DNA sequence: ATGACTAATTCGATTAGA
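Numbering (UniProt numbering), first residue to last: 1 to 260.
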């Protein structure tokens, strides 16, 4: 079972890029972030025609997440628990029924948090605390669980080309990285780090300042795996070449293969 | 020293992204 995560930066702007990618790569599951559209306006039929079940949790203009699955998808839940007043669409989960195993899959778009300090950064850290509580419950289930998406977290200095440029940034502040380690300390594994310890493995290159041409990237799109999911991991990688393709997002797809 | 790019909203300039 291949599970990809992809921040598409707008389904309207990225429709042809995304449908071409689905047609070519055909991941079993695609977790999308920043669909930037309400559920009723999402191009559901066009993507169903490519063989996918479509579950969205959208909102107008910003944010919005989706699960696309070629496999049966049950028990879909929208929204991150813990704050009834939070209206931002950043979390969706469902159970994907593989040939051998069922996998609980969470698609997430973690808040950016800039500028820091400030209310946006407070929202980010509060959101991460709520995510930790949900992740703790999922780990306790002792089932294969995958939490994947745009974390807006640079975990370590080896995950950014120029660490000194990011010292004051919400994506790389010590409190941000500590909260990410807090997730790992529940017993979750960063899938790419089960595959390689190399520096310079990035998933995002800014549209500005010629970041792509200079390989001035950061790794912020992650799959965290429960122990039961990590036991099923066959491979993980980042589709870097997508950043140089036609009408690219600023993020590229990242995928894992599970024996499930 | 500063802006640089892209998308959404809605048709121009603002907000947001990271």
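Using N, Cα and C, we set each Cβ at its ideal position, and we do this for glycine too. Note that the coordinates shown come from a computational prediction; the quantities given were computed from them, not determined experimentally.
Under the DSSP assignment, residue 254 falls in the beta strand (DSSP E) whose first and last residues are 254-258. The C-beta of residue 45 has fewer than 16 other C-beta atoms within 10 Å across all chains shown, which makes the residue exposed. Secondary structure within the region 29-79: the alpha helix (DSSP H) runs of 4 or more consecutive residues, fully enclosed, are 44-48 (chain order). In the three-state reduction of the DSSP assignment, residue 165 falls in the helix class, which pools H, G and I. Annotation for residue 42: 11, 35, 54, 56, 58, 66 place their beta carbon closer than 8 Å to its own, counting only its chain and skipping 5 residues before and after.
By the criterion of a C-beta distance shorter than 7 Å, residue 220 is surrounded in its chain by 150, 151, 152, 153, 154, 171, 203, 204, once the five residues flanking it on both sides are discounted. Put simply, the region 112-122 touches the region 158-177. At least three CB pairs are less than 8 Å apart. Residue 5 sits buried, since 16 or more C-beta atoms from the chains shown fall within 10 Å of its C-beta.
With respect to the 8 Å criterion, residue 85 and residue 29 are not classified as neighbours on the basis of their beta carbons. The C-alpha of residue 164 is placed about 31 Å away from the C-alpha of residue 64.
Burial check for residue 180: the Cβ neighbour count within 10 Å reaches 16 or more, so the residue is buried.
Rounded to whole angstroms, residue 9 and residue 143 show a C-alpha spacing of 31 Å. The DSSP-derived three-state label of residue 146 is strand. Residue pairing of residue 237 in beta bridges, as defined by DSSP: 255. Between residue 93 and residue 105, the beta carbon gap of about 6 Å places them in contact (Cβ cut-off 8 Å).
Contact annotation: the region 242-254 does not touch the region 224-234, with fewer than three C-beta pairs closer than 8 Å. A Cβ-Cβ contact shorter than 8 Å links residue 136 with residue 186. Taking residue 2 as the centre and dropping the five residues before and after it, the same chain places the C-beta of 27, 28, 255, 257 closer than 6 Å to its C-beta, in chain order. Taking 8 Å as the upper bound for CB-CB distance, residue 236 and residue 192 are in contact here, some 5 Å apart. A Cβ-Cβ distance of about 6 Å is found for the pair residue 183 and residue 224, placing them in contact under the 8 Å criterion. Collapsing the DSSP output to three states places residue 20 in a helix.
Partner residues in the beta bridge of residue 189, as assigned by DSSP, are 225. Rounded to whole angstroms, the Cβ separation of residue 253 and residue 239 is 4 Å, and the two are in contact under 8 Å.
DSSP, reduced to helix, strand and coil, places residue 172 outside both helices and strands of the structure shown, so it counts as coil.
Collapsing the DSSP output to three states places residue 90 in coil.
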